[in-house]
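Student: What follows is a structure written as structure tokens; I'll ask about it next.
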Amino acid sequence: VAYGTKYGVLVRSPDAAALQVHMKAPASAATANMLLSPMPGTLLSLAVAVGAKVHAGQDLCVVEAMKMQNVLTAPRDGVVKELLASAGATLSADQAILSFEDATKAARA
């Protein structure tokens with residue numbers, strides 16, 4: 001607290017600060033409501049459709065990369081707004097697979 005204002009401070013060790021430049025940047029506002037592919041691969045299956053209500057941790061799709069299948073889950077509760085890729089599609093890293101909206105927003109629409 002300084003002059004009545006509360007400030008948040010993050011102190012890192014020199015090693016952690018040096019490694020920070022190599023860490024992935026947080027999601028931008030433009031992609032905050034999207035499920036992104038974590039790596040290049042093939043979208044094997046989608047377990048949801050447009051309009052489906054999803055809960056945090058729910059399985060949404062499977063991406064295969066180098067013969068390994070990765071199940072991608074919902075990062076939070078919401079409603080599937082749009083499917084941006086279909087099963088069988090080749091995905092690049094950070095490519096959007098689907099978009100979400102808050103359940104309250106979807107109910108108002």
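First residue of the sequence shown: 1, per the UniProt record's numbering; consecutive thereafter.
Quick reminder that beta carbons are idealized off the backbone N, C-alpha and C, glycines included.
Predicted model, so just to flag it, every value in this text is computed and none were measured.
For the beta strand (DSSP E) that contains Ala96, what are its first and last residues?
Tutor: First-last of the beta strand (DSSP E) with Ala96: Ala96 to Glu101.
Student: Restricting to Cα atoms, I'd like to know which of Leu10, Ser45, Ala103 and Ala56 is closest to Thr90.
Tutor: Ser45
Student: Shortest alpha-carbon distance to Val79 belongs to which of Thr104, Val9 and Met68?
Tutor: Thr104
Student: Do Met39 and Ala65 have their C-beta atoms closer together than 8 Å?
Tutor: It is a contact, given that the beta carbons lie within the stated cut-off.
Student: Spatial neighbours of Arg76 within its chain, please: C-beta separation below 6 Å, excluding the five flanking residues on both sides.
Tutor: Correct list, in chain order: Ala56.
Student: With DSSP run on the structure shown, which of helix, strand or coil describes Thr73?
Tutor: strand
Student: I'd like the span of the beta strand (DSSP E) that includes Ala65, first residue to last.
Tutor: Per DSSP, Ala65 belongs to the beta strand (DSSP E) from Asp59 to Ala65.
Student: Let's test the definition: count the other Cβ atoms within 10 Å of the Cβ of Gly4 and tell me whether it reaches 16, buried, or not, exposed.
Tutor: exposed
Student: Going by beta carbon distance, what residues of the same chain come within less than 7 Å of Thr82, once the five residues before and after it are set aside?
Tutor: Correcting the residue type first, residue 82 is Glu in the shown sequence and not Thr. Only Val50, Leu98 and Ser99 meet the Cβ criterion.
Student: Considering only C-alpha positions, which residue in the set His22, Ala47, Ala93 and Asn33 is nearest to Asp102?
Tutor: Asn33
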